[in-house]
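Trainee:
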Amino acid sequence: MAIPLTRLGGGAFNHSPSHDAEAEYDRLRDLAREEAAKRNSCFDRAHQAYERGDGAEAKELSNEGKRHAAKMDEYNRQASEYIFRENNAVGRVADDTIDLHGQFVEEAEDILERRIRYAQEHGQTHLHVIVGKGNHSTNHVQKLKPRVEQVCRELGLQYATEENSGRIYVNLQGGEAVMPPLPHQPPAQHGGYDTYPGQAHHGPQQQQHHGGRPQHHQQQQQQQQQEQPDEIERLVGKLFRKLGDCCVVM
Numbered sequence: 014m015a016i017p018l019t020r021l022g023g024g025a026f027n028h029s030p031s032h033d034a035e036a037e038y039d040r041l042r043d044l045a046r047e048e049a050a051k052r053n054s055c056f057d058r059a060h061q062a063y064e065r066g067d068g069a070e071a072k073e074l075s076n077e078g079k080r081h082a083a084k085m086d087e088y089n090r091q092a093s094e095y096i097f098r099e100n101n102a103v104g105r106v107a108d109d110t111i112d113l114h115g116q117f118v119e120e121a122e123d124i125l126e127r128r129i130r131y132a133q134e135h136g137q138t139h140l141h142v143i144v145g146k147g148n149h150s151t152n153h154v155q156k157l158k159p160r161v162e163q164v165c166r167e168l169g170l171q172y173a174t175e176e177n178s179g180r181i182y183v184n185l186q187g188g189e190a191v192m193p194p195l196p197h198q199p200p201a202q203h204g205g206y207d208t209y210p211g212q213a214h215h216g217p218q219q220q221q222h223h224g225g226r227p228q229h230h231q232q233q234q235q236q237q238q239q240e241q242p243d244e245i246e247r248l249v250g251k252l253f254r255k256l257g258d259c260c261v262v263m
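See below:
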């Protein structure tokens, strides 16, 4: 397990963030990285103490390392929740869309699973998942998309890469992932970002992917019933109430 040593800053947002918002996100991730470094130092010194036969010091250093690990997890949890609220605020994404930008891989996996369960419990037929094109990742490699696809397969849901390759369409009803026609929506504000809410698709081209079991063709409903802001706030609370480990496998 490791924490990326890159600063995401504005690249983690789906809109033009204020300086304070960007600084707060980076502050939380930087604090998590500092705690990770202290944790690693404690564990290294604990190992050295154990090797020279000083069991008492080894135990003390090990416990200190665990405390730093807990602080690291807490700062990462705060950063994950902060960026999720920023990117998924009412009016920034449609109610059938979730934006995972700025999340570490394990964070994104946990949030997506909870969001899918919530959507299915409330009768939603599909979900657009914004994962980005990897423009802000090392070597421009997409990290979130493969994990989102894995989650869909594990849940037996079919999905399709949308015309914008930074978005994935997921059928929540167990049928083939065929996107319905989208109503016209004006573009949302964004800071030169590659994906944004309500982005129109101009053709039927999409890559089809199947989940873990055979599915029958089903016609998708055209539009979801709009969620009220208080429902979205309850969802955000549920997503992070029990959020656990927040490190990313590098």
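First residue of the sequence shown? That's 14 in the working numbering, and the numbers climb one at a time after it.
Glycine is no exception: its CB is placed at the ideal position from the N, C-alpha and C atoms.
Bear in mind that the values here come from a model prediction, so they are computed numbers and not experimental data.
1) Between which two residues does the beta strand (DSSP E) holding residue 112 run?
2) Please classify residue 65: does DSSP put it in a helix, a strand, or coil?
3) So, at 8 Å on beta carbons, what are the nonlocal neighbours of residue 37 in its own chain, with the 5 sequence-adjacent residues on each side left out?
4) Can you give me the start and stop residues for the beta strand (DSSP E) that residue 183 sits inside?
5) Identify the continuous beta strand (DSSP E) that holds residue 142 and give its terminal residues.
6) Between which two residues does the beta strand (DSSP E) harbouring residue 173 extend?
7) Taking contact to mean at least 3 C-beta pairs separated by less than 8 Å, is the stretch 113-130 in contact with the stretch 70-82?
8) Using alpha carbons as the reference points, say which of 77, 33, 154, 32 lies closest to residue 52.
9) To the nearest angstrom, how far is it from the Cα of residue 119 to the Cα of residue 104?
10) What are the start and end residues of each continuous alpha helix (DSSP H) run of 4 or more residues lying completely inside the stretch 41-111, in chain order?
11) Over what stretch of residues does the alpha helix (DSSP H) that includes residue 133 continue unbroken?
Mentor: On the basis of the supplied data:
1) 110-112
2) coil
3) 95
4) For residue 183, the enclosing beta strand (DSSP E) stretches over residues 180-184.
5) 139-143
6) Residues 172-174.
7) no
8) The residue with the shortest Cα to Cα distance from residue 52 is 77.
9) 26 Å
10) 68-100
11) 118-134
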